[in-house]
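Asks:
Below, the structure written as structure tokens:
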């Protein structure tokens, strides 16, 4: 009787409510979340240090930093080719029975073979810096024990991946170096979204759907980050089996996103059947319009911007490529402390949390497909472009896609970025004159006025003033920057590089190794110590004279 009275009271106060609340995507981490929060898995390394025996390793990590295998700088010969064999036992909640479950890897170097309870989860994944996942519902024991087995090869069986990612001017590692987790979805669900939110308040969303039945609608609502509704709900009726739908609205008076004013909103999308919410997803985004005007410059929300940027590797000396959200916050704040407004991802996609921090604190980002000086083959490159773009497409901080680096571009991939990006961001070839841009690297000061300031291409070197070979990141910057600003199509540039890549050598009593003069080229030391260049750049790029 009390329950019936309570139901009628709710009906009277707020009207009818759904009997089944919206199901959000559920996540269970199998690994830790970052370099400071790991989970031990069973591990065997096939060659090098501490090889041939089953032991434990923290995940995520690069195995060299944990005392296994062999260290390699990208120029080394011969290449270490050990494999890492991982096992981990886990349970899946009984409550997940009837849901669709995926296992997600945020990054694994390099070829990665996954099985669940002795059954292959799918094809070997190739490419070390990309999020990938497998549908594993049919392999799981719900409410009981499960065994995950992962075999990781440091060298890829695809020579173009080794050329693009591992024959490079940086440290190369092996291992599951980013988190691993399970995701559970309801039977019908929103797989992903691609958002185009413009400075005039126009919002268009491509929603990708799975397993739709009859009688569904997609309902959207824009909110502030604290949950306050902005504008009116918008919706679209769906067909059974429909895989993608485009919905949209216009927000009057939308506050725009820039690196100086990083205003973020939240998109709430509900897959609804009658009054029942089947699936709910939320995505942060920003309203902004980016234009690259040929022969003129880069514009954000109709205002010309000059990119004061730096190249950043995802790196920490004690953990290699395994980082953390806290490190991302530190790095973004250090970049902004130098009065910079931009960062280039060299030479691969960063951790997702780094882009989230760029969104919230405000930096313009050049997001890069791997390819140091050699390109991926077309077939594997198409897969990796898709993985890159669908992960990063909704970040307002990302303003340009880089197709490789210094000759590491595959021109057959140029058009693939736009397939998954409704914003159609500009695609560049770093170091090349391409697509109305000139991004040439390390040009002498006296060569630029005649040959390269020709008025045809928007000029912004994606690497200039090398932190070691050019005498420090601040050496010559004042003159070089004045030259860039003297031309209307001088759009800025990116210093090389943010930090010295000194790695802890667990095979050499913990010394920090920069591989001679290959990697001590940062404005900051390996542990983010402020060097002289930091203060010089901060002064030269100060907006206040």
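Numbering (this note's numbering), first residue to last: 2 to 546. Backbone N, C-alpha and C define an ideal beta-carbon position, used for all residues, glycine too. None of these values were measured; they are calculated from a predicted model.
1. Can we say the segment 213-222 touches the segment 266-274, given the rule of at least three CB pairs closer than 8 Å?
2. Kindly list the residues whose CB is nearer than 8 Å to the CB of residue 506, restricted to its own chain and excluding five residues on each side of it in sequence; keep chain order.
3. Within 10 Å of its beta-carbon, does residue 530 have 16 or more other beta-carbons around it, so buried, or fewer, so exposed?
4. When the distance is taken between beta carbons, is residue 135 closer than 7 Å to residue 177?
5. Does residue 446 come out as helix, strand or coil in the three-state DSSP assignment?
6. Return helix, strand or coil for residue 160, following the three-state DSSP convention.
7. Would the segment 192-201 and the segment 106-115 be scored as touching if the rule is three or more Cβ pairs under 8 Å?
8. Ordered along the chain, which non-local residues of its own chain (more than five positions away) have a Cβ less than 8 Å from that of residue 544?
9. Quick check: residue 311 and residue 499, are their CB atoms within less than 7 Å of each other?
10. For residue 537, I'd like the list of residues in its chain whose CB is within less than 6 Å of its CB, leaving aside the five on either flank, ordered along the chain.
11. Got a sec? Which residues, its chain only, sit under 8 Å from residue 541 by beta carbon, not counting five neighbours each side?
12. To the nearest angstrom, report how far apart residue 224 and residue 255 are at their CA atoms.
13. Out of 397, 412, 390, 408, which has the shortest C-alpha to C-alpha gap to residue 418?
14. Can you tell me which of the three DSSP states residue 18 falls into?
15. Spell out the partners DSSP gives residue 140 in its beta bridges.
16. Start and end of the beta strand (DSSP E) containing residue 310?
17. Leaving aside the five residues before and after residue 75 along the sequence, list all residues of the same chain whose C-beta is less than 8 Å from its C-beta, in chain order.
18. Got a sec, what are the start and stop residues for the beta strand (DSSP E) residue 91 sits in?
19. By Cβ distance, which residues of its chain are closer than 7 Å to residue 157, with the 5 residues on each side in sequence left out?
20. Grab me the residues of residue 253's own chain with a C-beta within less than 8 Å of its C-beta, minus the 5 sequence neighbours each way, in chain order.
21. Residue 42: buried (16+ other C-beta within 10 angstroms of its C-beta) or exposed?
22. If you draw a straight line from the C-alpha of residue 284 to the C-alpha of residue 93, how long is it?
23. Looking at C-beta atoms only, is the number of pairs between the segment 353-360 and the segment 133-151 that lie closer than 8 Å three or more?
24. How would you call residue 186, buried or exposed, if buried means at least 16 neighbouring beta carbons within 10 angstroms?
25. Within this structure, are the beta carbons of residue 462 and residue 494 separated by less than 7 Å?
26. Please state the DSSP three-state secondary structure of residue 222.
27. Is residue 382 helix, strand or coil by DSSP?
28. Suppose you measure from the CA of residue 129 to the CA of residue 275; what does that come to, to the nearest Å?
29. Going along the chain, which unbroken runs of the alpha helix (DSSP H) with 4 or more residues stay wholly within the segment 304-382?
30. Taking just the CA atoms, how far does residue 143 sit from residue 259?
31. Answer with buried or exposed for residue 424, where buried requires no fewer than 16 other C-beta atoms within 10 angstroms of its C-beta.
32. Have a look at the DSSP bridge pairing and note the partners of residue 236.
33. Of the residues 528, 484, 308, which one's Cα is nearest the Cα of residue 555?
34. Can you tell me which of 160, 119, 66, 234 puts its alpha carbon nearest to the alpha carbon of residue 80?
35. Could you give the C-beta distance for residue 280 and residue 189, rounded to a whole number, given that I count them as a contact under 8 Å?
36. Answer with yes or no whether the minimum CB distance from residue 363 to chain D is below 7 Å.
Replies: Checking against the coordinates, here is how it stands:
1. yes
2. 72, 512, 513, 514
3. exposed
4. no
5. helix
6. helix
7. no
8. 340
9. yes
10. 475
11. 475, 478, 479, 482
12. 11 Å
13. 390
14. Per-residue confidence for residue 18 stands at a pLDDT of 37, beneath the threshold of 50, marking its modelled position as unreliable; the derived number appears in the next sentence. Note: residue 18 maps to coil in three-state DSSP.
15. Answer is none; residue 140 lacks a bridge partner.
16. 308-313
17. 167, 168, 169, 170, 171, 172, 173, 373
18. 84-92
19. 111, 112, 127, 163
20. 202, 232
21. buried
22. 26 Å
23. no
24. buried
25. yes
26. strand
27. helix
28. 43 Å
29. 326-338, 353-358
30. 46 Å
31. buried
32. 220
33. Outside the displayed range of the chain (2 to 546) lies residue 555, so it cannot be described from this structure.
34. 160
35. 7 Å
36. Checking the listed chains, one finds no chain D in this structure; it contains a single protein chain.
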